[in-house]
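Number of protein chains: 2
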Amino acid sequence: MKQDGRSFLPSSKLVSEKVVSPGQFCFAVAGLVHGHVFGMISGFLGCGATLKSFFDDDDERAKDFMSRYPSAKRVSSLEEIKNDPEIKLVLNCIRPDVRAALSVSLLKAGKAVFSDKPGFLTLRQFEVLDKVVDETNGHYCIYFSERFHAEGPMLAQKFINEGRIGKVNHYTGTGPHRLNAQTRPWWFFESGINGSIIIDLGCHLVEQFLSNTSNRNASVVYASMSNRSNPKHPDFFDTGDIVLRGDNGVDGYIHVDWFTPDGLSSWGDGRTVITGDKGYIEVRRYIDITRDTGPNHVFLVDEEGEKYFNASDSLGFPFFGEYVIDCMNGTFEAIGKKDCLNAMRIAVEADAVARKGFL
Amino acid sequence: MKQDGRSFLPSSKLVSEKVVSPGQFCFAVAGLVHGHVFGMISGFLGCGATLKSFFDDDDERAKDFMSRYPSAKRVSSLEEIKNDPEIKLVLNCIRPDVRAALSVSLLKAGKAVFSDKPGFLTLRQFEVLDKVVDETNGHYCIYFSERFHAEGPMLAQKFINEGRIGKVNHYTGTGPHRLNAQTRPWWFFESGINGSIIIDLGCHLVEQFLSNTSNRNASVVYASMSNRSNPKHPDFFDTGDIVLRGDNGVDGYIHVDWFTPDGLSSWGDGRTVITGDKGYIEVRRYIDITRDTGPNHVFLVDEEGEKYFNASDSLGFPFFGEYVIDCMNGTFEAIGKKDCLNAMRIAVEADAVARKGFL
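Residue numbers (the numbering used here), protein chains in the order written: chain E, 1 to 359; chain A, 1 to 359.
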C-alpha cells in the first residue's frame, strides 16, 4: 500500500464528529480515474455524509467500487447525478482534461464540487470556473490533502499559526514521487490530458506555500521543467521547479520529480521546511527514511531546543465536517471561497512559465 | 563549540598519511580574522607540513594563536612571509575585502595560496586572480570544507562517483547558519567588506553543486537576496537563493539564511539532497536534529532500500597531503587548477544577479 500514493487512505484514530445524520447530506462520486477518490470519500463518510451514487463508465472499476461501497448506486450518466435533488455535493475524479468542464456544469446545477487535483489545466478553465463560482456563490474545493487530510502538515500549520517559529521568512517544499510507469494509463504521460508535473504534483506544494506563509496569492518568479530520464515519453516532464513570491513578500521554492527509487518504503519522501525568524519546522510528510515507514513526522526547532512530534492521530480531520456545514449553510468558514482556485491557478501559471523554456 | 561554526575543527580518527617530514614543507598563516583558519591549519599539520610563521596585527588574536601553536613565529609584516624562501604555502585568512589582493601578491611571490572563503568578492578580483594563476602556473585553492574536510559530503561524493544513484538529475543544498550577531565584527554586516550572504555562505554550496553534479561551470538562472528580519543592518542580507544550471544541463537550488535558532545544538542544519534516476542521497551535514548532535549523516536510498551511514571517521582527509604534493611537484591532481576560482566566481555572479532585484 505504501508503495503507491494513489491508493493511500489517510486515517486517524481521532474519530471525526458526525455533523449530519444518515441521509441528511448526500454526496455522489463522478469518475474513479485516480485512487485519491477513496481518500476523498473517507473524509466525507467520516463526518456522517451519505454516499448515494456514483458514475464511471469502466465496468471493472465500477465493480471494485460496488464491492467497497455496496450501498452506493451506480448511475448510467452524469446527468442523473446533476438532476438528483438529494445530492448536495459531488466528488469529481474524472479524467483531468475534462474535470473543469464537469465542475462548471455541476456548479451550475447547484451542486457543491469537491474535485481531485488538478482541478483544472488551463488559465481559460480557471477563468470560467472563477466566474461560475461568483455567479452561483457555489462551493468549489480541490482535494489538497496536505491542507485538511494529513496530520503532519496540519500540525505544522498549527505551530505556525501559534507563532512558534516567529515571522515566517521562507518555505521549501519537495514532492518526489514514484513513477510506477507500468501501472499508469496511457494518458498519464500526455501533459495536455493529465497536466504536467508542475500541475499534477506541484499544485499541492503551491497550496502549502500559500497556507504556510499566510498568503492568498503569489507570483511565479521562476519555473522550469525537464524530461531527464524518460525519453520514451516526449510530452512528459519528470522534474519541475518553481520559485514563488507571495503577496507578503515571502519566497518559496518547490521541487517535484518522478525519481523515487523502488527501495524507498513509501511512494515519495516529501518534505517541507518552513523557516521563521525564531525557529524552523521540518515536516517529513510520508516517511522518516531508515527509521519510520509511517507518515506525519514534524520537527520543530525554536529558541528553546529541538522537538519531535509524530503528528499521526493528533488532530483528526475536522475539515470535512466543517465543509459539509458550509455547503448546507452557504458559508465559507472551512476554507476561503477562492483558496483552492487560486492555488491551482498559480500552479497553472508556473507551468506556463516553465514551458517558455521549451518554446 | 558546536554552537559556533567559526571555531569548528573538523576531525577524523583516520590519521592522515605524513607526506613530508618536519621542515620539508613550511607554510605560514596570514590573518586570523575567522576561526576557519584553525581548520585550515589542522589539515596541513595533519599531513606533516610545518607551520613556520604567522602574521596578524591584532595582539589579542596573536597571543591566543601563539598559545595554540608555540613553535610558530609571529612576523611583523606580510612582506616577511612573502620574502621567506622556506615558505611554500600561505593560508590567507585576512579580511575578505583585501583577501584577493593578498592572494595575487602571494602568487606573484611564488607561494601557493590556500584562501579562506570567500576567496574574492568581485568579478574584477576574479579576473586578476585568474590571470595571475595562468601567468604563474600557481596553486590557488579556497577552503571549501565540504569538498575536502567533511566526511559526510565526501562520502556522498564517493557514492555519486560509484554510480550508486545513477545519473544525477538534481541538487538541493541548504546552508542555514546561526547569526551570532553579538560576536561579529562591525564589518561583518557590510556586504562590500565581508561579501553578501550569497558570497559568504552560498559559495560553499555552489562548489558542492559543481562537484555533486560533475560540472566545472554553471550559469545562474535565478538569484535573490533579502533582509527580512535585520533592519538594524541596512547593507546586510539574511536570506539568499540561487538556481544554477550546470554546463551538463543539471539544475540545482541553493538556499542560505541567518535564521538558525538558539535552540539548535549546532550552528546550522545544513542539508544536501542529490537526486539521481536510480536513487537519492541526503546529507545532514552538521546535525541530525533531535537524534544526534554530531555531523556527517548520510542517507542513501536506491533501488534496494534505505541505508544510513555515519560518515565520521570513514574517509579521513587525504586532500591536504595530495595538495602539498601538488605544490611541491607543480601538478594539479588533488583539485583542478581552476575549480575553486570557478566556484567562487559563480557565487559572485549570483550575488550580482540577486542585487539586480534591489537596483
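The beta-carbon is built from N, C-alpha and C at its ideal position, and this holds for glycine as well. These numbers come from a predicted model, not from an experiment.
- Around the beta carbon of K111 (chain E), 16 or more other beta carbons lie within 10 angstroms, which makes this residue buried.
- Annotation: Cβ neighbours of L264 (chain A) in chain E (cutoff 7 Å, chain order): V301 and E306.
- Residues of chain A whose Cβ lies closer than 7 Å to the Cβ of I289 (chain E) are, in chain order, F299, V301 and E306.
- When Cβ-Cβ separations below 7 Å define contact, P185 (chain A) makes no contact with chain E.
- Within chain E, no residue has its beta carbon less than 8 Å from that of P96 (chain A); the closest one is some 25 Å off.
- R245 (chain E) and S224 (chain E) do not touch by the CB rule: their CB atoms are close to 16 Å apart, not below 8 Å.
- Per DSSP, the continuous beta strand (DSSP E) segment holding A28 (chain E) begins and ends at C26 to A30.
- In chain order, Y222, S224, D241, V243 and Y253 make up the part of chain E whose C-beta sits under 9 Å from the C-beta of V243 (chain A).
- Each residue's CA atom was taken as its position, placing P85 (chain E) and K108 (chain E) some 13 Å apart.
- Going by beta carbons, Y171 (chain A) and G270 (chain A) fall outside the 7 Å limit.
- Within the region 149-176 of chain A, contact with chain E at the beta-carbon level (separation under 9 Å) is assigned to I165, G166, K167, N169, H170, T172, T174 and P176.
- The alpha-carbon separation between F25 (chain E) and T50 (chain E) amounts to approximately 6 Å.
- Between the beta-carbon of L300 (chain A) and that of I281 (chain A) there is about 5 Å, and that keeps the pair under the 8 Å contact cut.
- Chain-order list of chain E residues neighbouring K278 (chain A): P261, by C-beta distance under 7 Å.
- Taking the CA atoms as reference points, K88 (chain A) sits about 27 Å from D200 (chain A).
- Annotated three-state conformation of H204 (chain A) is helix, per DSSP.
- With at least 16 other beta carbons inside 10 angstroms of its own, D241 (chain E) counts as buried.
- Around the C-beta of G192 (chain A), fewer than 16 other C-beta atoms lie within 10 Å, and the residue is accordingly described as exposed.
- Per the DSSP secondary-structure output, V168 (chain A) pairs in a beta bridge with A:G276.
- When beta bridges are read from the DSSP output, D58 (chain A) appears opposite no residue.
- Any Cβ of chain E closer than 7 Å to the Cβ of R284 (chain A) would place that residue at the interface, and such an atom is absent.
- In the structure shown, P261 (chain E) adopts coil according to DSSP, grouped into three states.
- At a cut-off of 7 Å, the C-beta of R228 (chain A) has a neighbouring C-beta in chain E.
- DSSP, read as helix, strand or coil, puts L341 (chain E) in helix.
- D292 (chain E) does not reach chain A, its nearest Cβ partner there being about 11 Å away, counting only Cβ pairs nearer than 9 Å.
- Contact annotation: Q157 (chain A) and S211 (chain A) have beta-carbon atoms nearer than 7 Å.
- With respect to the C-alpha of K232 (chain E), the residue from E:D313, E:K13, E:F259 and E:F189 having the closest C-alpha is E:F189.
- Annotation: the continuous alpha helix (DSSP H) that includes L155 (chain A) extends over E151 to N161.
- A distance below 7 Å separates the beta carbons of E306 (chain A) and I289 (chain E).
- The alpha-carbon of P318 (chain E) is positioned some 6 Å away from that of S16 (chain E).
- Nearest CB-CB separation between T275 (chain A) and chain E: below the 7 Å threshold.
- Here S77 (chain E) has F55 as same chain residues with Cβ atoms under 8 Å from its own Cβ, once five neighbours each way along the sequence are excluded.
- When the alpha-carbon of G138 (chain E) is set against those of E:I81, E:S12 and E:F332, the nearest one is in E:F332.
- With three or more CB-CB distances shorter than 8 Å, the region 117-125 of chain A counts as touching the region 135-154 of chain A.
- If you compare the alpha carbons of A:L315, A:L179 and A:P185 with that of P96 (chain A), the shortest gap goes to A:P185.
- Using a 10 angstroms sphere on the CB of V98 (chain E), the tally of other CB atoms stays under 16, which defines it as exposed.
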